[in-house]
Each structure stands twice: as structure tokens, then as C-alpha cells.
Amino acid sequence: MDKGFSSNTVDLAEACKVLAESRSVQVLLQEEVGSEIYPEALKLMKTGKLDSDLGATVHDLFLDTIVNQATTVWSGFIRNDSDDWPVRVNEYHGVFWVWAVESDPVGYFLDEASAISFARTNWDNVYKDGEEPEFDASEGDGEIRCPFCDTTDNCDHLLLMVDQTFRHAEGGVLYEAFNAKWSKIVEDADDPDFYEHEPFEELLQEVDALADSELTASPDSAPGMSSTYSYYYCSSKKKTLAALKKFTSD
Numbered sequence: 432m433d434k435g436f437s438s439n440t441v442d443l444a445e446a447c448k449v450l451a452e453s454r455s456v457q458v459l460l461q462e463e464v465g466s467e468i469y470p471e472a473l474k475l476m477k478t479g480k481l482d483s484d485l486g487a488t489v490h491d492l493f494l495d496t497i498v499n500q501a502t503t504v505w506s507g508f509i510r511n512d513s514d515d516w517p518v519r520v521n522e523y524h525g526v527f528w529v530w531a532v533e534s535d536p537v538g539y540f541l542d543e544a545s546a547i548s549f550a551r552t553n554w555d556n557v558y559k560d561g562e563e564p565e566f567d568a569s570e571g572d573g574e575i576r577c578p579f580c581d582t583t584d585n586c587d588h589l590l591l592m593v594d595q596t597f598r599h600a601e602g603g604v605l606y607e608a609f610n611a612k613w614s615k616i617v618e619d620a621d622d623p624d625f626y627e628h629e630p631f632e633e634l635l636q637e638v639d640a641l642a643d644s645e646l647t648a649s650p651d652s653a654p655g656m657s658s659t660y661s662y663y664y665c666s667s668k669k670k671t672l673a674a675l676k677k678f679t680s681d
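Next comes the structure, spelled out in C-alpha cells:
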């Protein structure tokens, strides 16, 4: 299944701010637009303002160039019943984008880890080129792997592991803060008819907004499990700790 969305993407105007720092890109821009208007064109790129006629020219130039001159930094496959489809993360001077068969582009990424995370999680049953394809949870494997370091153990990327069935966090740097915040919500409700589902989902949405990736395992997909678990990850330890700080300060 192609989920086709990532909160970590930017549009081409934002990507141009990164491209403008590259000397190779600057040379290309000057060759294409001419020396006379090159300074103005470069300024538009650095400010991310491509809504003028000259901006449209810059936009079209790099829309094609990013595709045609990018190099592949990560490659893998999407498992299918009939054949495995290729998926790639490509890079052009600090701007990353994901290509896959029969999928539309979702935008640009400004770091490699986020692009690879999207490539690994946007489709079901993705495996890296050179790896042995694994059974997904629905095929009986049931193991949850970090989309950034591929471990099945706790790691610096794990933001939260939460039991959605019993509404209790069990792992990740947020688990104590999450449980404390949820307990306070329940206590403050002070209502025997309090319906927990909606406020619990709202609390999970707070976590989701801080995470770079989410994975889910349910009793149907992982034999032996009695609950549905959600796993939230950040692409680096620095982002995980920043998410903890933000979550506890709200």
C-alpha cells in the first residue's frame, strides 16, 4: 500500500534554499540564466521565493535537474506477490527525493535519514537492496524493526512504544512522561462515564507530531500478541531528546 504522505517533505522553493549553497549549482544556474540576471536568480533561490517569472524559470530548471542529475544513495525493493518493485532514495546537492514504480513524488527531504525512513515505511514489505526480504507481520514474523537502524531492540530512535488496547506506554524515552500525562487526563476527568478513546487518540497525535515514523503491530498481524501496539521513532537521538523536551514542556 502506498501511503503517499510525509510531514517531513518540503516543496521545491524550500529545497532551493539548500541547493543555492552549492557551488556546482551556482555554476549551473549562471550558465542557464546568464551572468546578467544570475545574481537575482540566486537571491530568489536563497530566499525560496520562486513566484515571479524568473522564479518560474528557476523552478522549472531544477525540477528537471534534480531528477536527471541525482545520484542514488539508498535502494531497496517493495515486495509484491508477482514481482518486487524497486524503490530508491536519490540525492542532488543536499536535497533528497524518493522514487518508486507507479508512485507519485511526495516532495523533497532535506536529510537522508528522513528520506530513507519514508522509503522504508511508506509501502508495506520494503527491504534494502542486498538484504534478504523478510516476512511482514501479516505473514507471521511480527517483529518491529526501527526504520532508522533496523534493530528489533530498544534504540536511541525509539520515542514511544504504547499499548493502544490497554492505553499504557511501555517503552521509549517518552513512556514515563506519556503515562503521567495520560493519568492526569483521566484523573482530571473525574467522571464515571468518561470515554477514554478520543482523549487518548489526541494524546497519541501529540506524539505523532513529534515523530518521524510510526509502526503498528496488532494481534492479527503478530500471533501471540493480545494488544495493538504503536511504535513512534525519531530519525536521530538529538531529535528524540528534543521531542521529549517539547512533550514535557507542553
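Using this note's numbering, read the sequence shown as starting at 432 and increasing by one per residue.
The C-beta atom is built at its ideal place from N, Cα and C for all residues, glycine as well.
Taking all protein chains shown into account, V458 has fewer than 16 neighbouring C-beta atoms within 10 Å of its C-beta and is therefore exposed.
For T582, the CB contacts under 8 Å within the same chain, skipping 5 residues up- and downstream, are R576 in chain order.
Under the criterion of beta carbons closer than 8 Å, P578 and R551 qualify as touching, at roughly 5 Å. Pairing G525 with V456 gives a Cβ-Cβ distance that is not under 7 Å. Setting aside the 5 residues that flank it on each side, D560 is surrounded in the same chain by S506 and G507, each with a C-beta closer than 6 Å to its C-beta; the list follows chain order. As summarised for the region 489-558, the continuous beta strand (DSSP E) elements at least 3 residues long and confined to that stretch are 502-509, 516-523 and 526-531, given in chain order. Distance check between A444 and each of V520, G486 and L605 places G486 closest, using alpha-carbon atoms only.
If the five residues before and after T671 are omitted, its C-beta is found closer than 7 Å to the C-beta atoms of D587, H588, L590, V604 and C665, all from its own chain and listed in chain order.
Nearest Cα to I497 within the set A472, S466 and P536: P536. DSSP places H599 in the strand class (E or B) of the three-state scheme. The C-alpha of V532 lies about 9 Å from the C-alpha of I509.
DSSP, reduced to helix, strand and coil, places L641 within a helical segment of the structure shown. The closest CA to that of L475, considering only A451, M592 and S667, is found on A451. If you look at Y606, you'll find it in the alpha helix (DSSP H) that goes Y606 to A620. Among the bridge pairs identified by DSSP, L646 is matched with Y662.
Taking C-beta separations shorter than 7 Å and ignoring five residues to either side along the sequence, the partners of K477 in its chain run K448 and A451, following chain order. Bridge partners of L591 according to DSSP: Y663.
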